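A.B. asks: Can you keep this structure in mind? I'll have questions shortly.
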Amino acid sequence: MSPDLRTYRRHEVAVRARAFFEGLIPRSTVLEDLEAEDWADPKLRPLLEMIQNIPKKSRFSGLWGKAYDAYVAKARELIAAADQ
Numbered sequence: 035m036s037p038d039l040r041t042y043r044r045h046e047v048a049v050r051a052r053a054f055f056e057g058l059i060p061r062s063t064v065l066e067d068l069e070a071e072d073w074a075d076p077k078l079r080p081l082l083e084m085i086q087n088i089p090k091k092s093r094f095s096g097l098w099g100k101a102y103d104a105y106v107a108k109a110r111e112l113i114a115a116a117d118q
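With positions in the sequence shown counted from 1, the corresponding number in my numbering is that position plus 34.
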C-alpha cells in the first residue's frame, strides 16, 4: 500500500475509533471492512486490538471509574498516534 493510501487508511480508522469512544458508533462499525494490512500496520494494530478486546464498563468487569478513564486515555493516545 502506498504511503499516502496508508496515511488515509490510518486516518479513516482513527476517525471511526474516536467516534466509538465518544459513543457515536458501535464497536462493530470500527472493526468492519478492515484489511489484513490494517492489522499488520504497527500504528493501527495496538488500537484495533484494544477496541476488539475492550471490556464492558461495569462494576463486575473490574474496569470502573479511574481504571476506565485510564483505559480510554490510552485509547486516545493510540488514536492520536494512528492519526499522525
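All C-beta atoms, glycine included, are put in the ideal place defined by N, C-alpha and C.
Because the structure is a prediction, the values reported are computed rather than measured.
Would you identify the three-state DSSP class for Ser36, choosing helix, strand or coil?
C.D. replies: Ser36 falls in the coil class under three-state DSSP.
A.B. asks: For Pro80, which residues of its own chain have a beta-carbon under 6 Å away from its beta-carbon, when the five flanking residues on both sides are left out?
C.D. replies: So the qualifying residues of the chain are Leu112.
A.B. asks: Give the DSSP-derived three-state secondary structure of Ile59 in the structure shown.
C.D. replies: Correct three-state label for Ile59: coil.
A.B. asks: State buried or exposed for Ala116, treating a residue as buried only when at least 16 other CB atoms are found within 10 Å of its CB.
C.D. replies: Buried, because 16 or more other Cβ atoms sit within 10 Å of the Cβ of Ala116.
A.B. asks: I need the straight-line Cα distance from Ala48 to Asp103, nearest angstrom please.
C.D. replies: Computed Cα separation, rounded: 19 Å.
A.B. asks: Please confirm whether Arg44 has its beta-carbon closer than 8 Å to some beta-carbon of chain D.
C.D. replies: Of the protein chains in this structure there is only one, and it is not chain D.
A.B. asks: Quick one: residues in its chain with C-beta nearer than 6 Å to the C-beta of Arg122, no 5 flanking neighbours on either side, listed in chain order?
C.D. replies: An answer regarding residue 122 cannot be provided, because it is not within the stretch 35 to 118 covered by the chain.
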